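Residues in the sequence shown are numbered consecutively from 1, following UniProt numbering.
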Amino acid sequence: MSIRDWPDEERPREKLLRRGAAALSDAELLAIFLRIGIPGRSAVDLARDMLKQHESLRKLLELDQTGFCATPGLGPAKYVQLQAVLELARRYLEETLQRGDAIQGVTDTRRYLLARMRHHPHEVFACLFLDNKNRVIQYEELFFGTIDSSAVHPRQVVKRALHHNAAAAIVAHNHPSGIAEPSRADEMITVRLKEALALVDVRLLDHIVIGDGQMVSLAERGVL
Numbered sequence: 001m002s003i004r005d006w007p008d009e010e011r012p013r014e015k016l017l018r019r020g021a022a023a024l025s026d027a028e029l030l031a032i033f034l035r036i037g038i039p040g041r042s043a044v045d046l047a048r049d050m051l052k053q054h055e056s057l058r059k060l061l062e063l064d065q066t067g068f069c070a071t072p073g074l075g076p077a078k079y080v081q082l083q084a085v086l087e088l089a090r091r092y093l094e095e096t097l098q099r100g101d102a103i104q105g106v107t108d109t110r111r112y113l114l115a116r117m118r119h120h121p122h123e124v125f126a127c128l129f130l131d132n133k134n135r136v137i138q139y140e141e142l143f144f145g146t147i148d149s150s151a152v153h154p155r156q157v158v159k160r161a162l163h164h165n166a167a168a169a170i171v172a173h174n175h176p177s178g179i180a181e182p183s184r185a186d187e188m189i190t191v192r193l194k195e196a197l198a199l200v201d202v203r204l205l206d207h208i209v210i211g212d213g214q215m216v217s218l219a220e221r222g223v224l
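What follows is the structure in structure tokens.
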């Protein structure tokens with residue numbers, strides 16, 4: 001049955017207009033993006049099949065062109081459209097905390113760092129440098145690969161903090177596995193960075209571990 005033949009309250013577009021986007025399932029939201037299905041499968045059916053095949057919305061959205069276009073009915077034009085939508089979403093989130101804006105709390109930091117880091121397919125260690133009023137000076141990605149105590153060099157973090165004349169810093173790294181639980185190595189890195197930055201009067205406010213849409217603050221865990 002075509003979506004056009006569904007009752008109004010069950011059609012994704014009408015449901016979104018009536019109840020808001022948050023009321024829709026992942027499959028319904030994806031169906032609105034797809035617009036049409038394929039012979040014998042509605043857009044919602046196709047969306048459900050794609051989510052099941054790729055196990056999660058995140059994995060589906062991170063497919064390369066070959067993987068995305070392997071689904072019947074999806075070609076380069078739809079892949080380009082998806083990439084544009086994802087980039088617009090990232091830029092929208094980044095604008096919530098640009099240079100000169102003061103960080104008000106963990107929520108602001110989470111939005112900003114999720115927007116910058118969650119899409120990386122590999123581990124990245126980043127620093128958010130702040131002035132004495134906790135306003136953003138600069139965001140920098142400093143280390144890449146397996147983030148452990150031997151890969152993160154406190155001297156380099158201190159060097160960049162001095163370069164920006166920062167008064168405080170928030171560090172973060174992502175877990176591509178999607179699980180944000182910090183390891184013992186993450187705690188050790190945090191302590192080393194705090195001690196190194198304190199030598200040049202820079203406060204380490206937090207170390208945030210980012211997973212798939214989730215975040216753990218080591219400051220809230222009592223490590224700082």
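Built from N, CA and C at the ideal position, the CB exists for glycine as well.
What you are looking at is a predicted structure, and each value in this text was computed from that prediction instead of being measured.
Measuring C-alpha to C-alpha distances from A151 to each of I210, L82, T190 and W6 identifies T190 as the nearest.
The alpha-carbon of Q65 is positioned some 13 angstroms away from that of A84. Between the alpha carbons of G211 and C69 lies a distance of about 26 angstroms. Here A180 is not near V202, since their CB atoms are 7 angstroms or more apart. A buried status is given to F129, since no fewer than 16 other beta-carbon atoms sit within 10 Å of its beta-carbon. It is roughly 10 angstroms from the alpha-carbon of G20 to the alpha-carbon of P12. Contact annotation: A196 and V158 have beta-carbon atoms nearer than 7 angstroms. Cβ-Cβ separation between Y139 and A126: approximately 7 angstroms, consistent with a contact (criterion under 8 angstroms). By the beta-carbon neighbour count (other beta carbons within 10 angstroms, threshold 16), S217 is buried.
About 11 angstroms separates the Cβ atoms of H173 and G145, ruling out a contact at the 8 angstroms cut-off. In chain order, Q65, F68 and C69 place their CB closer than 8 angstroms to the CB of Y79, counting only its own chain and leaving out the 5 sequence neighbours on each side. Partner residues in the beta bridge of M215, as assigned by DSSP, are I210. Taking C-beta separations shorter than 6 angstroms and ignoring five residues to either side along the sequence, the partners of R90 in its chain run A115, following chain order. Under the three-state reduction of DSSP output, E187 falls in the helix class. Following the DSSP letters along the chain, one finds I170 in no alpha helix (DSSP H) but inside the beta strand (DSSP E) bounded by residues A168 to N174. Under DSSP, Y92 forms no beta bridge with any residue.
With fewer than 16 other Cβ atoms inside 10 Å of its own Cβ, T107 counts as exposed. A31 is positioned such that its CB atom lies closer than 7 angstroms to that of A43. H175 is the residue among H175, P72, N134 and R41 whose C-alpha sits nearest the C-alpha of V124.
DSSP lists I38 as the bridge partner or partners of R41.
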